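Engineer: So in this note's numbering, spot 296 of the sequence shown is number 1250, and the numbers just go up one at a time.
Just dropping this structure here.
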Amino acid sequence: MLIRVPAPHEPLSSEITSRSDYLNRRQAMAGLGLVAASPWALAQGPAAPGGGKLPKLAATRSTLAGAVVLDKPTAYGDATSYNNFYEFSTDKSEPAAMAHTLKTRPWTVMVEGECAKPGRYDIDALLKLAPMEERIYRLRCVEGWSMVIPWVGYSLAELIKRAEPTSKAKYVQFTTLADKSQMPGLRSGVLDWPYDEGLRIDEAMHPLTLLAFGMYGEVLPNQNGAPLRLVVPWKYGFKSAKSLVKIRFVEKQPLSSWEQAAPQEYGFYSNVNPNVPHPRWSQASERRIGEDGLFSKKRPTLMFNGYEPQVGQLYAGMDLKKYY
Ligand code: MTE
């Protein structure tokens, strides 16, 4: 299991060498014969610099168990140019060029439903609500590919606690922006917009469930779900809804957009599970984006995407083939 608590001396994405410095240093070291020994030892920090175009987002490295994986982070260019954001396009290469039409200021998030303290939160208030942490999570898409992303944000539980959910709040429903004037993909009928997702309240309260505002030490690029998104690292990527506008506490299990579109393919839980195949894709292995070289192999998919020690007990006694 490649999970660790980071040592305090390790750099954050925001502190690490720029891409060109990294490449120059690597070339210099190669000249001295120093590179071959351990590519990951060299790549660990500097392989994932931010793009340098977006405002920085200060954070401290998370010390939460499981919040920082050892896997080599995906290159920034890959993580920001290979996107699923159907409100813009179903073609993964297009959101990067199209999502500039998304207006991320002003932005408000409604917190409502079964809670004692509902609220209307401005994005700037949310940015200050709790200390920002950098968390390096695996992201596993149901389509069979994966990435490793250094996110910046804080546990969703920080916001939920302030809302004081009532005893009737068994689930949390997440709704994302659906504005045709900003999002051309909404004209397609691929989903019943807006993009809705849901979690059980204990899943939403789990400390690994992240409200992310940034990645690679910078604010989120629009195509990655600016100005804030959910990141649930042990579930397939579609549960990590982008560009959130509403968080609602509900008593009954909410219907997510993907479940509504194809219930036989996408269940409510959608925990990463190599033993439960999707009707169209085996989930036993995955292709790590950026490892597409001639000799790269698919890697085995880990139960709960490798977060079983942290989240396995949430599903104790459940038939995971039935509750897929
Ligand atoms: N959120 C919204 N609003 N719309 C989407 O199309 N796609 C989901 C998820 N969140 C999606 C979304 C899917 S299928 C995946 S795999 C991840 O976002 C991709 O996130 P990324 O583009 O940052 O890698």
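All C-beta atoms in this analysis are idealised placements derived from N, C-alpha and C, irrespective of residue type, glycine included.
Computed from a predicted structure; not experimentally measured.
What are the boundary residues of the beta strand (DSSP E) that residue 1214 is part of?
Structural biologist: The sequence position of residue 1214 within the sequence shown is 260, counting from 1. Unbroken run through residue 1214 is the alpha helix (DSSP H), 1211 to 1215; no beta strand (DSSP E).
Engineer: Residue 1152: buried (16+ other C-beta within 10 angstroms of its C-beta) or exposed?
Structural biologist: What you label residue 1152 is simply residue 198 of the sequence shown in a count that begins at 1. Label assigned to residue 1152: buried.
Engineer: Can you tell me whether DSSP reads residue 1243 as helix, strand or coil?
Structural biologist: Residue 1243 sits at position 289 when you count from the first residue of the sequence shown. Assignment of residue 1243 by DSSP, reduced to helix, strand and coil, places it in the coil class.
Engineer: Please list the segments of the alpha helix (DSSP H) lying wholly inside the segment 987 to 1072, counting only runs of 4 or more residues, in order along the chain.
Structural biologist: Within the segment 987 to 1072, the complete alpha helix (DSSP H) runs of at least 4 residues are 993 to 997, 1030 to 1033 and 1049 to 1052.
Engineer: Count the other CB atoms within 10 Å of the CB of residue 1030; is the residue buried (16 or more) or exposed (fewer)?
Structural biologist: Locating residue 1030 in the sequence shown gives position 76, counting from the first residue. So residue 1030 ends up on the buried side.
Engineer: Do residue 1200 and residue 1127 come within 9 Å of each other at the CB atom, strictly closer than that value?
Structural biologist: By one-based count along the sequence shown, residue 1127 stands at place 173. By one-based count along the sequence shown, residue 1200 stands at place 246. Yes, they are a contact pair.
Engineer: Is the beta carbon of residue 1192 closer than 9 Å to that of residue 1106?
Structural biologist: Walking along the sequence shown from the start, residue 1106 turns up at place 152. Walking along the sequence shown from the start, residue 1192 turns up at place 238. No, the Cβ-Cβ distance between residue 1106 and residue 1192 is not below 9 Å.
Engineer: Where residue 1159 and residue 1053 are concerned, what is the direct C-alpha to C-alpha distance, given to the nearest angstrom?
Structural biologist: The residue given as residue 1159 occupies position 205 in the sequence shown. The residue given as residue 1053 occupies position 99 in the sequence shown. Taking the straight line joining both Cα atoms gives about 30 Å.
Engineer: What's the C-alpha gap between residue 1125 and residue 1118?
Structural biologist: Locating residue 1125 in the sequence shown gives position 171, where the first residue counts as 1. Locating residue 1118 in the sequence shown gives position 164, where the first residue counts as 1. Spanning the two alpha carbons is a distance of roughly 13 Å.
Engineer: Between 1178, 1259 and 1028, which has its C-alpha nearest residue 1039's C-alpha?
Structural biologist: Residue mapping note: residue 1039 aligns to position 85 of the sequence shown, counting from 1. The shortest Cα separation from residue 1039 among 1178, 1259 and 1028 belongs to 1178.
Engineer: Whole angstroms is fine: what's the gap from residue 1018's alpha carbon to residue 1261's?
Structural biologist: As a working mapping, residue 1018 is identified with position 64 in the sequence shown. As a working mapping, residue 1261 is identified with position 307 in the sequence shown. Those two C-alpha atoms are separated by around 12 Å.
Engineer: Since residue 1102 contacts residue 1032 with CB under 8 Å, what's their CB separation in whole angstroms?
Structural biologist: Taking the sequence shown and counting its residues from 1, one reaches residue 1102 at position 148. Taking the sequence shown and counting its residues from 1, one reaches residue 1032 at position 78. With a Cβ gap of about 10 Å, residue 1102 and residue 1032 do not count as contacting.
Engineer: From residue 1269 to residue 1225, what distance separates their C-alpha atoms?
Structural biologist: Taking the sequence shown and counting its residues from 1, one reaches residue 1269 at position 315. Taking the sequence shown and counting its residues from 1, one reaches residue 1225 at position 271. Approximately 10 Å, taken between the alpha carbons.
Engineer: For the alpha helix (DSSP H) that residue 1263 lies in, which residues bound it at each end?
Structural biologist: Start at 1 with the first residue of the sequence shown, and residue 1263 comes out as number 309. Start and end: 1262 to 1265.
Engineer: Which residue comes first and which comes last in the beta strand (DSSP E) that contains residue 1169?
Structural biologist: The count along the sequence shown starts at 1 and reaches residue 1169 at position 215. Where residue 1169 is concerned, the enclosing beta strand (DSSP E) stretches over 1164 to 1169.
Engineer: Determine the burial state of residue 1012: buried for a count of at least 16 other Cβ atoms within 10 Å of its Cβ, exposed for fewer.
Structural biologist: Start at 1 with the first residue of the sequence shown, and residue 1012 comes out as number 58. Looking at its Cβ environment, which holds fewer than 16 other Cβ atoms inside 10 Å, residue 1012 is exposed.
Engineer: Taking C-beta to C-beta, are residue 1182 and residue 1114 nearer than 9 Å?
Structural biologist: For the purposes of this step, residue 1182 is taken as residue 228 along the sequence shown, with counting starting at 1. For the purposes of this step, residue 1114 is taken as residue 160 along the sequence shown, with counting starting at 1. No. Outside cutoff.
Engineer: Among 1194, 1204, 1009 and 1050, which residue has its Cα nearest to the Cα of residue 1223?
Structural biologist: Stepping through the sequence shown from its first residue, residue 1223 is reached at position 269. Out of 1194, 1204, 1009 and 1050, 1194 has the C-alpha closest to the C-alpha of residue 1223.
Engineer: Whole angstroms is fine: what's the gap from residue 1264's alpha carbon to residue 1021's?
Structural biologist: Counting from one through the sequence shown, the residue named residue 1264 turns up at place 310. Counting from one through the sequence shown, the residue named residue 1021 turns up at place 67. Cα to Cα, residue 1264 sits roughly 10 Å from residue 1021.
Engineer: Check whether the segment 1204 to 1221 and the segment 1237 to 1246 are in contact - that is, three or more C-beta pairs closer than 8 Å.
Structural biologist: no
Engineer: Confirm the yes/no value for this check: CB of residue 1154, any heavy atom of the ligand MTE, distance under 8 Å.
Structural biologist: Translated into the one-based positions of the sequence shown, residue 1154 becomes position 200. Checking every heavy atom of the ligand MTE against the Cβ of residue 1154, none is found closer than 8 Å.
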